[in-house]
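Residues 2 to 734, numbered by my numbering, are exactly what the sequence shown covers, in order. Glycine included, each C-beta is placed from N, C-alpha and C at the ideal position. Everything below concerns the one structure shown next.
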Amino acid sequence: MDVFGGALSAGGDFFRDAAVAAAHELGVFAALGQPRTVGDVATEIGVGARRLRRLLDVLVSFDVLARIRDRYAAAHVPERPVVPPAGWGVLANVIRSDNPLALGDTVTTQRMHEHLVSAGAPAAAELVTIIAGLAPLRRLLDLGGGAGAYTRAWLAARSDATATLVDVPDVVALARDTLAPFGDRAAFIAGDMRAVQLGESYDVALLANVLHLHDESIGAALCELAAKAIAPGGVVVVKDLRMDEGRAGPREGLVFALNMALYTPGGDVYESSRIRSWLIAAGLVDVEERRLATSPDAIVVIGRKPAEDATARELDSELSRIGKIAWRDLEAEGRLRADAHPRRLAYPAPLRRVLARAVADDSDDIADNADIRRHYTEIMPRMRVTQICGTDEPAATLMHSPLDWARLPRMSAALDRLFALLVECGVDAELPLGAASAAELRASAPTFGELYMRTHYGACMPLLYGYPADLAYFMSRGLELHATIDRYLTAPLVHELCHFGRYRDALPMHLDECVAGYLGVRVWPEFAYPQSGHDDAIYASPWLAQVGQAVVRAFGLGAVVRGHTGHSLWSAVLPSAFLDAAMRQAADDWRARRTLHFLSDTFAPGPWVELALRHATTGDDPAFDRRIVKDALRAMCLDNLQVAGSFRTRSRMPGTITIDAVARTVTTAYQSAVDPLPPSYWLPPAVAARLVANGIAAYSLELSDLGAIPEAATAICEAAKNCERAGFALVIR
């Protein structure tokens, strides 16, 4: 058990009583006559929401309150207890004033650090053993190392190890005494770790019980600082109190988070997904989680600095340089918006890693490397700056006109569905989408451009379907401005948002695109399958979406959404055999094809579908299989064309559709001249097996009404014999 776990075990009743007393004093229970959000309660009782949320979560852990998604309700409210008016006894005053208590005098601080050295020794020894098993690592940087518990364990474990401990001067003085037996193997830097010079040559940078002392912005900055301080191949190790996803527990973490709300300006206990996102944002890879047997109330998160990090930094520098040049060029040409302001260009972490590896690979063709570098550090960023900051029409109007969300019903509905999907899958939307709800996201986006810039690729790439030919086509349709945005930019926005946060674990680029594509269809079917008379779908999206659909069918919607959003590591939700095979398949495919976009052949989904299904962990799901067959039939009913440089997709009646149970495919003939090959979609193995078992090798399907597709899909899934119904005729071949 870690330090604070022991304190909670000894004083659990006091913490509960203090929290209940504070809630009575603040009027929390009176405000919870019905389930309400923390924001609603905070507004009614007149306090800030951040500290109040920590109090409500603790009351939930003690079964005083209940929580249903984002709403709190009274459960078993006790009488108001009497608690001493100090420390936790003045919790209500701290929440009301939104200011923390002082930590205590120098003597108290010294005693606390001395206690942490002894009480934290078992956890420190176990953590050092974990680090030693990662790689031959010798040089430790202990950031915020306190009186030296973890540095002492590190130096005691290996006689050739060295360590540098960083903390404020008074604490470093304590650490010198603790580490005196190790002589010059222990070095010290006294000062604010964010202000002192650290160097960049350490093997390990450790943040042990540090992040919970700070708010999110400082926590992210400390992870970045740690990543900069290690050499390529080194690791950053974060050890802190554990907080389960959705802040569902454990109680130790929830009570400690309230303790941080009491004694620090912005401290908190963070979910591991948040810590992982900070490490990934700092450019680290292979991020993993560990647990400590000695401290079940703690978590360890480890990230490695890639060997190609120097290349990644070089690419970052080039991206920043071209952004400044593009800005100056617009200004010099008189094409810079008067209200524009410079924004830092940045790669999303998955693209940054793949790009750096591709450019740094010595086996790659030099000309190809130059093309890749130019595409991502010059061509695309220039287009992004011009699209967002320029006066060129119609981008300026579509990107920067104030949005009236009441006049954007389709886009608003799509956002509602996206957030509902995250709730369904148990994901807190704030991390992947930067807002807790669709309403909050809409309120934070005064223009479409502002909304786009918050997306995964929005800081370095132009908007998909935001190119001049596309925007000119949209404006030529004669719709009112908001109707134009609602009709033609909803699908591109859904696409960008379904890539979620920039700093997350990611599948290979091809699968990442496929999963985003399928989630786009799931949230907004018109993403791929436009309504009659519309031409606003994303061209060729069913080719990618069907692979994402296969991944979801194989491993479950919840698991895939949790991995894709960064809520969980992919290694925690998908089989390692699948992940390893996918990495190899993606690398081999890209080396053979050398595409700028790092994707596999979009029009060859078969190998990826088979890979997912071969490793599937889910069982029978007839409802999902019907959905797949319905999407397969719908994908046969698309007409793709190019109008004035813009690729358009609309619905049309197909020719004969072939459902081949032996090949497990759904196909039809060429639909248009811009299609590189005839449409094709996969047939669920269970459906194909049922057909074969009933003596049906293949069907021919004639459609006369798109509205009949759901009924036709049901007939196929049920292995119906020849049947002719309103809107379709199904014939065994």
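What separation, rounded to the nearest whole angstrom, lies between the Cα atoms of residue i and residue j?
i, j, result
"C638", "A538", "13 Å"
"T668", "E290", "44 Å"
"D589", "D602", "12 Å"
"T485", "T398", "11 Å"
"A713", "S652", "17 Å"
"V236", "D310", "13 Å"
"D581", "R594", "20 Å"
"L352", "T38", "37 Å"
"C724", "A698", "16 Å"
"I733", "L702", "9 Å"
"A430", "D417", "12 Å"
"A327", "L316", "16 Å"
"P86", "V42", "24 Å"
"P170", "R177", "11 Å"
"T378", "A125", "43 Å"
"P543", "I710", "16 Å"
"A188", "A228", "20 Å"
"T295", "V552", "37 Å"
"A721", "G696", "11 Å"
"A174", "G147", "10 Å"
"R51", "G254", "16 Å"
"H496", "R322", "28 Å"
"I660", "Y700", "5 Å"
With distances taken Cα to Cα, identify the nearest neighbour of residue i among the options.
i, options, result
"L320", "L346, D298 and D310", "L346"
"A421", "R523, T398 and A484", "R523"
"W155", "L175, E127, C718 and A136", "E127"
"L642", "G656, D626, V630 and Y671", "Y671"
"P469", "S647, F579, V610 and T448", "S647"
"L144", "A32, E394, Y203 and I131", "Y203"
"L214", "A148, L242, A191 and P36", "L242"
"L142", "Y540, G459, A230 and S533", "A230"
"G250", "G40, R628, A67 and A492", "A67"
"P463", "P493, G521 and A473", "P493"
"H376", "C461, R72 and A228", "C461"
"R140", "A148, V129 and S413", "V129"
"R665", "V630, P677, R649 and D640", "V630"
"R186", "A157, G192, V173 and R70", "A157"
"A339", "A690, R52, W279 and D393", "D393"
"G184", "V197, A162 and V205", "A162"
"K306", "P101, D287 and A74", "D287"
"T657", "L731, L212 and R314", "L731"
"G335", "N94, C390 and F599", "C390"
Just to confirm, is the Cβ distance from residue i to residue j under 9 Å?
i, j, result
"G559", "C426", "yes"
"L404", "H483", "yes"
"V360", "R374", "yes"
"P509", "A583", "yes"
"V65", "V78", "yes"
"R627", "C718", "yes"
"W609", "L512", "yes"
"I303", "G567", "no"
"R248", "D58", "yes"
"A244", "S278", "According to the sequence shown, residue 244 is Met rather than Ala. It is not a contact, given that the beta carbons lie outside the stated cut-off."
"F556", "A624", "no"
In three-state DSSP terms, what is residue i?
i, result
"R292", "strand"
"A551", "helix"
"Q388", "helix"
"A11", "Unreliable positioning characterises A11 in this predicted model, as indicated by a pLDDT of 49, which lies under 50. The coordinate reading is nonetheless provided below. Note: A11 maps to helix in three-state DSSP."
"L472", "helix"
"N641", "strand"
"K240", "strand"
"R68", "strand"
"M2", "Residue placement at M2 is flagged as unreliable, the pLDDT there being 46, under the threshold of 50; the coordinate-derived value follows with that caveat. Note: M2 maps to coil in three-state DSSP."
"C461", "coil"
"L141", "strand"
"W525", "coil"
"T618", "coil"
"P493", "helix"
Between residue i and chain D, is there a C-beta pair that is closer than 9 Å?
i, result
"R443", "Of the chains in the structure shown, none is chain D; there is only one protein chain."
Checklist entry - How about the stretch 498-507 and the stretch 674-684: do they share at least three Cβ pairs that are nearer than 8 Å? => result Verdict: no, contact absent.
Next on the checklist: Within 8 Å, do at least three Cβ pairs link the stretch 257-264 to the stretch 218-225?
Outcome noted: A contact is defined here as three or more CB-CB pairs under 8 Å, and the stretch 218-225 fails this definition with respect to the stretch 257-264.
Next on the checklist: Does the contact criterion of 3 or more C-beta pairs under 8 Å hold for the stretch 550-567 versus the stretch 611-630?
Outcome noted: Yes: at least three Cβ pairs fall under 8 Å.
Checklist entry - Okay, do the stretch 13-21 and the stretch 37-55 touch, 3+ Cβ pairs below 8 Å being the bar? => result The stretch 13-21 is not in contact with the stretch 37-55.
Checklist entry - Would you say the stretch 432-443 touches the stretch 532-549, given that touching needs at least three Cβ pairs under 8 Å? => result Short answer: they don't touch.
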